[in-house]
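In what follows, a single structure is set out as structure tokens and then discussed.
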Amino acid sequence: MADIIQLLPDHVANQIAAGEVVQRPASVVKELLENAIDAGATTITLVIKDAGKTLVQVTDNGCGMSPVDARLSFERHATSKIRSAEDLFNLHTKGFRGEALASIAAIAHVELKTRTENEDIGTKLSIEGSEVTEQVSEVVPIGTTISVKNLFYNIPARRNFLKSNPVETRHIIDEFHRVALAHPKVSFSMLHNGSDVFNLPQSNLRQRIVNIFGSKTNEKLVPVEEETEIVKVDGFVLKPQFARKSRGEQFFFVNDRFIKSPYLHHAVNSAFEGLIKDGMQPGYFLFLEVDPKSIDINIHPTKTEIKFDDEHSIYAMLRATVKHSLGQFSIAPVLDFNK
Ligand code: ADP
Ligand code: MG
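Numbering-wise (the numbering used here), the sequence shown opens with residue 2 and increments by one.
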């Protein structure tokens, strides 16, 4: 029988990869914001239209890209962030897969404007369905603006699968919160259909939380701080009386990356035992710092899951620390008279 195996063309491979990285407009928001952070930006602006379905645009004042890098950034597995397999186990950047821009460009109309401080004139590049349609020199500020238009224009099934504008906007705001909380020293703004949604000046974590969730949050915060040989924890939990029926503000960050961890959630929950009623959810903004060599974040394309070398110690430490912090605020247990 004749040989039948063929290598897929790049644009097909990119579209398949896009399926994993880009589920919805919020996925684009996450990738672009993280690239802006990795570029060392101190000011980041997110502009969306129609819940990101027509436009997601991120502008940063970071390092920018040379004309050659601008072109390369859309190739799959093209990254400036890692060089070798060893680097995978010692990550200091949000990105490292070199897949986001290639994936996004496979399923949207993308325009990139960028300039490094070494250049007088910048680059404008347009790309559609993985094809570069234009690359020209253009006078642009130092930094990068990436505009992603008409997401899933070439995959109608996916486009139709998107939820209502309020639901998609909610997802975008969630991603925006996660990045903005992890980087209080960076100023962020967000506009939707031309109106301001957030204007977050450069600040510290407490102020950032208050700027996002409202001034009433300030008095609800209990500071958490502890350091051991394997992990440093800081951040805040909400006082037990502000626990809610539904999951509200629950944020874990590991090395400034938002992560989902039912295991760590359980640790915090158990620290609140006896202080909140069964079924109520505590609020928390907790930052864990560990040696990048002691974690593996290469588990899922969206990088929201993480594997710790020493999960059990982190659990125990987190539980004890949160308990201790709550104790210091000497809060009487909530008595459940139904029991
Ligand atoms: P990754 O972030 O995993 O490296 P991406 O596809 O997100 O992969 O980006 C590819 C490359 O493009 C990055 O490694 C970086 O060099 C460059 N890049 C992307 N966005 C920006 C930006 N906002 N500013 C400067 N360089 C960027
Ligand atoms: Mg990236």
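Positions of the beta carbon are idealized from the N, C-alpha and C atoms, including for glycine.
Taking residue i and residue j to be in contact with their CB atoms under 8 Å, please state how far apart those CB atoms are, rounded to whole angstroms.
i: Asn36; j: Gly96; result: 6 Å
i: Leu113; j: Ala71; result: 6 Å
i: Ile307; j: Ile298; result: 5 Å
i: Ala109; j: Tyr154; result: 7 Å
i: Lys125; j: Val137; result: 5 Å
i: Val323; j: Ala272; result: 4 Å
With distances taken Cα to Cα, identify the nearest neighbour of residue i among the options.
i: Val111; options: Lys304, Glu169, Thr55, Val168; result: Thr55
i: Ser148; options: Phe199, Ser165, Ile49; result: Ile49
i: Ser165; options: Asp51, Ile298, Leu47; result: Asp51
i: Val232; options: Glu312, Val13, Ala14; result: Glu312
i: Leu33; options: Gly195, Gly284, Phe75; result: Phe75
i: Asn256; options: Lys240, Val238, Val234; result: Val234
i: Ser196; options: Ser28, Ala14, Thr46; result: Thr46
i: Phe252; options: Glu226, Lys221, Asp39, Leu289; result: Leu289
i: Asn91; options: Asp310, Val323, Ser295, Thr303; result: Ser295
i: His193; options: Thr170, Glu228, Arg77; result: Thr170
i: Ala40; options: Gly65, Val59, Gly20; result: Gly65
i: Leu265; options: Asn212, Lys246, Phe309, His325; result: Phe309
Please state whether DSSP places residue i in a helix, a strand or coil.
i: Asp337; result: Unreliable positioning characterises Asp337 in this predicted model, as indicated by a pLDDT of 48, which lies under 50. The coordinate reading is nonetheless provided below. DSSP places Asp337 in coil when its eight states are reduced to three.
i: Asp311; result: coil
i: Gln329; result: helix
i: Met191; result: strand
i: Tyr285; result: strand
i: Ser138; result: strand
i: Glu290; result: strand
i: Glu76; result: coil
i: Gln251; result: strand
i: Ile210; result: helix
i: Ser295; result: helix
i: Phe243; result: helix
i: Asn155; result: coil
i: Arg98; result: coil
i: His93; result: coil
i: Thr218; result: helix
i: Arg116; result: strand
i: Thr305; result: coil
i: Thr55; result: coil
Does the distance from the CB of residue i to the CB of residue j come in under 9 Å?
i: Ala268; j: Arg209; result: no
i: Ala158; j: Arg258; result: no
i: Val141; j: Gly123; result: yes
i: Phe177; j: Val30; result: yes
i: Ile143; j: Thr134; result: no
i: Thr218; j: Leu239; result: yes
i: Phe237; j: Pro224; result: yes
i: Asp61; j: Thr145; result: yes
i: Gln282; j: Gly249; result: yes
i: Leu206; j: Pro185; result: yes
i: Leu222; j: Arg25; result: no
Count the other CB atoms, across all protein chains shown, that sit within 10 Å of the CB of residue i; report buried if there are 16 or more and exposed otherwise.
i: Ala317; result: exposed
i: Asn339; result: Residue placement at Asn339 is poorly supported in this model, since its pLDDT is 47, which falls under 50; the coordinates are not used for a value here.
i: Ser104; result: buried
i: Tyr285; result: buried
i: Asp337; result: Confidence at Asp337 is low in this model, with a pLDDT of 48, below 50, so the placement of that residue is unreliable and no value is reported for it.
i: Ser28; result: buried
i: Ile6; result: exposed
i: Asn15; result: buried
i: Pro10; result: exposed
i: Ala3; result: exposed
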